[in-house]
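Sequential numbering of the sequence shown, starting at 1, is according to full-length UniProt numbering. The structure appears right after this line, and notes come after that.
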Amino acid sequence: MNNMEFLLDTIHIDDIKKYNAMIPLAGVTSNPSIVHKEGQVDFFNHLRQIREIIGADKTLHVQVVGQTTEAMLADAHTVLENVDHDVYIKVPTNEPGLAAMKQLKQEGVHITATAIYTQIQGYLAIAAGADYLAPYFNRMVNADINAGLVIAQLAKQIEREHAKTKILAASFHTVQQVNQAFENGAQAATMGVDILKTALGNPAISAAVTGFTSDWEDIYGQGTTITDFTK
Ligand SMILES: O=C[C@H](O)COP(=O)(O)O
């Protein structure tokens, strides 16, 4: 029985430190647009810093930039050499990407098949032996594709084949989309900190906590803690 995996879709160091200390973080994902948000970071140093924060037991997913199979393979090898050999190489699930996956698989490289919008892309990536599939939930919704259904079909296929592939759903713009991905069979979800902030910043939560504090202080006085009873 696997646990649900929560990953952060950011390379912002302070956010990774903060949420790594707060939630049972399973890993960190990035793509060139996520790097763009940080500006011109010292790419490999930055990724090595992330690895240091999250440790060797969590997954770090880094995307290739090349457009051809050859360029993707060169990117993958360079990332593995300059970050570490445990990195999950994110490869777009298109023609050159599938050819790159085939080659990387033979080399024993961890693969995250990304930019997945359709069932057939997912099926091909499962067949290619990808470790993770990254369906783009919100982008699918915007393209009028039933993201939940695609994830459910991929989950069924993984089960039918007893494949080791996991679904790492991505591209979330709402908290409910994350829930829907898990409900439909995703094992993992990567999200920006905005999603976590929204989920945990629900005003009803702080209202409840304020109510508990006020009732407690009503009985024992302001600022009294549970530890005070041991004194
Ligand atoms: O790696 C994929 C991203 O999660 C895509 O997210 P986005 O649709 O918000 O750019």
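Note that CB positions come from ideal geometry on N, CA and C, so glycine has one too. Here the structure is a predicted model, which is why all the values come from computation and not from measurement.
Residue i vs residue j beta-carbon contact at 8 Å
{"i": "ALA169", "j": "ILE145", "result": "no"}
{"i": "ILE126", "j": "THR112", "result": "no"}
{"i": "PRO96", "j": "THR78", "result": "no"}
{"i": "LEU104", "j": "LYS58", "result": "no"}
{"i": "LEU98", "j": "LEU124", "result": "yes"}
{"i": "VAL91", "j": "MET72", "result": "yes"}
{"i": "THR10", "j": "VAL178", "result": "no"}
{"i": "VAL35", "j": "LEU60", "result": "no"}
{"i": "VAL175", "j": "ALA207", "result": "no"}
{"i": "GLU5", "j": "GLN157", "result": "no"}
{"i": "LYS102", "j": "ASP131", "result": "no"}
{"i": "TYR117", "j": "ALA143", "result": "yes"}
{"i": "VAL65", "j": "ASP75", "result": "yes"}
Contact test: residue i Cβ vs ligand 1 heavy atom, cutoff 7 Å
{"i": "residue 244", "result": "As shown, the chain starts at 1 and ends at 231. That puts residue 244 outside it, with no answer to give."}
{"i": "ASN31", "result": "yes"}
{"i": "THR114", "result": "yes"}
{"i": "ASP15", "result": "no"}
{"i": "MET188", "result": "The question names Met, but residue 188 in the sequence shown is Ala. ALA188: no, Cβ never under 7 Å from ligand 1."}
{"i": "TYR136", "result": "yes"}
{"i": "SER206", "result": "no"}
{"i": "ASP144", "result": "no"}
{"i": "ALA21", "result": "no"}
{"i": "ARG139", "result": "yes"}
{"i": "ASP9", "result": "yes"}
{"i": "ALA170", "result": "yes"}
Residues near residue i in its chain [Cβ-Cβ closer than 6 Å; skip 5 each side]
{"i": "ALA147", "result": "PHE137, MET140 and VAL141"}
{"i": "PHE43", "result": "none"}
{"i": "PHE212", "result": "none"}
Residue i classed as buried or exposed, judged by whether at least 16 other C-beta atoms fall within 10 angstroms
{"i": "ILE50", "result": "buried"}
{"i": "PRO203", "result": "exposed"}
{"i": "PRO32", "result": "exposed"}
{"i": "ALA21", "result": "exposed"}
{"i": "ASN184", "result": "buried"}
{"i": "HIS110", "result": "buried"}
{"i": "PHE229", "result": "exposed"}
{"i": "residue 259", "result": "This structure cannot speak to residue 259, because the chain is shown only from 1 to 231."}
{"i": "SER171", "result": "buried"}
{"i": "ALA134", "result": "buried"}
{"i": "VAL62", "result": "buried"}
Proximity test, residue i beta-carbon vs ligand 2 heavy atom, cut-off 7 Å
{"i": "ALA147", "result": "Of the ligands one can find in the structure shown, namely ligand 1, none is ligand 2."}
Close-in-space but distant-in-sequence residues of the same chain around residue i (CB under 7 Å, 5 per side omitted)
{"i": "TYR19", "result": "LEU8, LEU25, VAL193 and LEU196"}
{"i": "GLU52", "result": "none"}
Proximal residues to residue i (C-beta, below 8 Å), its chain only, five neighbours per side dropped
{"i": "GLN40", "result": "none"}
{"i": "GLU161", "result": "ILE126"}
{"i": "ALA128", "result": "LEU98, MET101, LYS102, LYS105, ILE111 and ALA113"}
8 Å Cβ cutoff, residue i in contact with chain C
{"i": "GLY148", "result": "Absent here is chain C; the protein component of the structure consists of one chain."}
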